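**Student:**
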Amino acid sequence: MNKGKFITIDGVEGAGKSTQIELICSYLHRKGIEVVRTREPGGTDIGEKIRSVLLDVDNKEMHSDTELLLMFSSRNELIQNKIIPALNDGKWVVSDRFTDASFAYQGGGRMLSLDRIAKLENWVLGSFKPDLTFLLDISVEIGMTRVEARNAKDRIEQEERAFFERVRSVFIERSKIYPDRIKLINAERSVDEIQTQIQSIIELL
Ligand code: TMP
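To convert, note that position 160 of the sequence shown is 403 in the working numbering; the numbers rise steadily by one, no gaps.
1) Check whether the region 390-407 and the region 438-445 touch, using three or more Cβ-Cβ pairs below 8 Å as the test.
2) Assign residue 278 to one of three DSSP states: helix, strand, or coil.
3) Name the two residues that bound the continuous beta strand (DSSP E) containing residue 253.
4) If I follow the unbroken beta strand (DSSP E) through residue 365, where does it start and stop?
5) Answer yes or no: the CB of residue 452 versus the heavy atoms of the ligand TMP, is any distance below 7 Å?
6) Do the CB positions of residue 334 and residue 296 come within less than 8 Å of each other?
7) Is the region 245-253 in contact with the region 376-392, if contact means three or more CB pairs nearer than 8 Å?
8) On a CA-only basis, which of 261, 327, 307 is nearest residue 346? Give me that one, please.
9) Contact defined as beta carbons within less than 8 Å: I believe residue 318 pairs with residue 342. What is the distance between those atoms, to the nearest angstrom?
10) If residue 424 sits next to residue 373, beta carbons under 8 Å apart, how far is it from one beta carbon to the other, in whole angstroms?
11) Give me the pocket residues for the ligand TMP, defined as CB within less than 5 Å of any heavy atom, sorted by chain position.
12) Thinking just about the alpha-carbon of each residue, which of 258, 281, 352, 256 is nearest to the one in residue 268?
13) Within the same chain, show all residues whose beta-carbon is closer than 7 Å to that of residue 294, passing over the 5 residues directly before and after it, in chain order.
14) Distance, Cα to Cα, residue 245 vs residue 365?
15) Here's the rule: buried if 16 or more other CB atoms are within 10 angstroms of the residue's CB, otherwise exposed. What is residue 362?
16) Residue 287 by DSSP, collapsed to three states: which one?
17) Taking all protein chains shown into account, decide if residue 420 is buried (16 or more other Cβ within 10 angstroms of its Cβ) or exposed.
Below is the structure:
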């Protein structure tokens, strides 16, 4: 049996990831592909508990290194217990966020050393990485306006605008360093236009 493919979607808050992921999954289903949809942090029982700790607004005092380590703890659960078994079964996995978010949020936003994050990535993932990553790029202003129209903000969403500008810059930098894997998508267009571009890229996988 062929191994499945691993696709991740990332970007600043309010970029429209959920809508695009929904459409990607239906598109793959229509092609007869079995898809496992997941998210980070979270996606497993333990990972979802870690997610609650990470996003709880009462945990304002959390040290940035603790935040980074919890992201990778949740990720390890997800990779070992969900992603790798699914890929080995020939299923495709679509994840709402993955390791690029740790570089962008903890490296960019929190200004932790990118080299240290890369060491952690190597420790937890080895050479494992997504086959394809869509970076939905949108201005921080538009993204935050959307977030503000939704529910109460979580601990990370409460950060100031400069934090998200740094997050966005690291995402964009990474898409330039890894152009074969990370596809920068202008997400300030209609849902249909964005999805059409995404599907045409998946076709090439
Ligand atoms: P979500 O809003 O896309 O559900 O993601 C939850 C938050 O977690 C979001 O603010 C981005 C943040 N995050 C990190 O800071 N580092 C990471 O490695 C991941 C996966 C998410």
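Here a beta-carbon is modelled for each residue, glycine too, at the ideal position from N, C-alpha and C. Since this is a predicted model, take the numbers as computed values, not measurements.
**Tutor:** Walking through what the data contain:
1) no
2) In the structure shown, the three-state DSSP call for residue 278 is strand.
3) Residues 249-253.
4) Here residue 365 belongs to no beta strand (DSSP E); instead the alpha helix (DSSP H) covers 357-368.
5) Since the first residue shown for the chain is 244 and the last is 448, residue 452 is missing from the structure and cannot be characterised.
6) no
7) yes
8) 307
9) With a Cβ gap of about 7 Å, residue 318 and residue 342 count as contacting.
10) 7 Å
11) So the residues near the ligand TMP by this Cβ test are 283, 314, 340, 344, 345, 348, 399.
12) With distances taken between Cα atoms, residue 268 lies closest to 281.
13) The residues are 284, 285, 317.
14) 25 Å
15) Classification for residue 362: exposed.
16) coil
17) exposed
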